[in-house]
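Input: a single structure, listed below in structure tokens.
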Amino acid sequence: GAVVSQHPSRVICKSGTSVKIECRSLDFQATTMFWYRQFPKQSLMLMATSNEGSKATYEQGVEKDKFLINHASLTLSTLTVTSAHPEDSSFYICSAKPALVDNYGYTFGSGTRLTVV
Amino acid sequence: GDSVTQMEGPVTLSEEAFLTINCTYTATGYPSLFWYVQYPGEGLQLLLKATKADDKGSNKGFEATYRKETTSFHLEKGSVQVSDSAVYFCALRGTGANSKLTFGKGITLSVRP
Chain G
8 GAVVSQHPSR VICKSGTSVK IECRSLDFQA TTMFWYRQFP KQSLMLMATS
58 NEGSKATYEQ GVEKDKFLIN HASLTLSTLT VTSAHPEDSS FYICSAKPAL
108 VDNYGYTFGS GTRLTVV
Chain V
424 GDSVTQMEGP VTLSEEAFLT INCTYTATGY PSLFWYVQYP GEGLQLLLKA
474 TKADDKGSNK GFEATYRKET TSFHLEKGSV QVSDSAVYFC ALRGTGANSK
524 LTFGKGITLS VRP
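Heads up: the sequence lines are chains G and V, in that order.
With positions in the first sequence counted from 1, the corresponding number in the numbering used here is that position plus 7.
With positions in the second sequence counted from 1, the corresponding number in the numbering used here is that position plus 423.
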């Protein structure tokens, strides 16, 4: 089955530094990947949609200069949280849509717990 | 726009009890409907799905039927286990090749022995 690997699973960084989160589709090509943010005991909030080889589409209210998304290949998308602050601490999850087969559902990564101190 | 409404939680049940988690939706056209499950500290796993009206999705003893007339996709299981304890999200995907998923708020299920 389709597998999405997300790395790292946990990261602690100092305020003001940048953190990169990777999302890889291991056994399929993904033309589209989605990045979500999840606050404790809350639902997933879509941050942006990234398409391979083009600029990401950000949801309203999401700072594109703070959350940099790159989708340089059909198997890798990255989210970089720039100049992180404690309020950026959250659980970030990616999901991927297969390029060739649309099974209507998207495969999710295991998430990244970011803590900014 | 599209939206998904889930019943308020949390839900606590005894093992082998019957489970129903309500989910209703608002969408244009004919969306696909999903239930995802999230175990503590993990990402989401697809539990089941239905892509058209009257379809029944099923997996691991869980079932949900796509009811267009009531715009609902309630999740049921006849006998829950402690291992079913998790957060459950109802979601829909609109029409279109790269349509995004819209999630409900999620509900925490705790099953006690």
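Backbone N, C-alpha and C fix where the C-beta goes; we use that ideal spot for every residue, glycine too.
Remember, predicted model here, so these are calculated numbers, not experimental data.
Using a beta-carbon distance below 9 Å, is E431/V in contact with chain G?
no
Can you pull the chain G residues whose beta carbon is under 8 Å from the beta carbon of K523/V, in chain order?
F41, L53, T56
What is the DSSP secondary structure of E486/V, reduced to helix, strand or coil?
strand
Please give me, in chain order, every unbroken run of the beta strand (DSSP E) with length at least 3 that falls completely inside the segment 432 to 483 of chain V.
434 to 437, 442 to 444, 446 to 449, 455 to 461, 467 to 473, 479 to 482
Check whether chain V comes within 9 Å of K6/G, counting only Cβ atoms and requiring the distance to be less than that.
Because chain G is modelled from 8 through 124, residue 6/G falls outside the range shown and cannot be assessed.
List the whole-angstrom C-beta distance separating S5/G from G23/G, where the pair is believed to meet the contact cut-off of C-beta under 8 Å.
The requested residue 5/G is not part of the displayed model; chain G covers only 8 to 124.
Taking the Cβ atom as the reference point for each residue, do A514/V and K491/V lie within a distance shorter than 9 Å?
no
Does the distance from the CB of K21/G to the CB of L86/G come in under 9 Å?
no
Can you give me the C-alpha to C-alpha distance between K73/G and V427/V, rounded to a whole angstrom?
29 Å
Mark F41/G as exposed unless 16 or more other C-beta atoms lie within 10 angstroms of its C-beta, in which case mark it buried.
buried
Span of the beta strand (DSSP E), counted from its first residue to its last, around K523/V:
Element bounds for K523/V: n/a, residue is neither H nor E.
Would you grab the beta carbon distance between G527/V and Q461/V for me? Rounded to a whole angstrom, and I think it's under 8 Å.
G527/V to Q461/V, Cβ: 12 Å. No contact.
In terms of alpha-carbon separation, which member of Q45/G, T122/G, S117/G, Y99/G lies closest to H92/G?
T122/G
E94/G in three-state terms, based on DSSP:
helix
For a contact meaning CB atoms closer than 9 Å, what does F526/V contact in chain G?
Y43, S50, L51, M52, L53
Look at the alpha carbon of F496/V and the alpha carbon of N482/V, and state the distance between them as a whole number of angstroms.
14 Å
E59/G: which of L33/G, I76/G, S25/G sits nearest, CA to CA?
I76/G
Pick from I19/G, V18/G, H78/G, E29/G that is closest to G116/G, judged by C-alpha positions
E29/G
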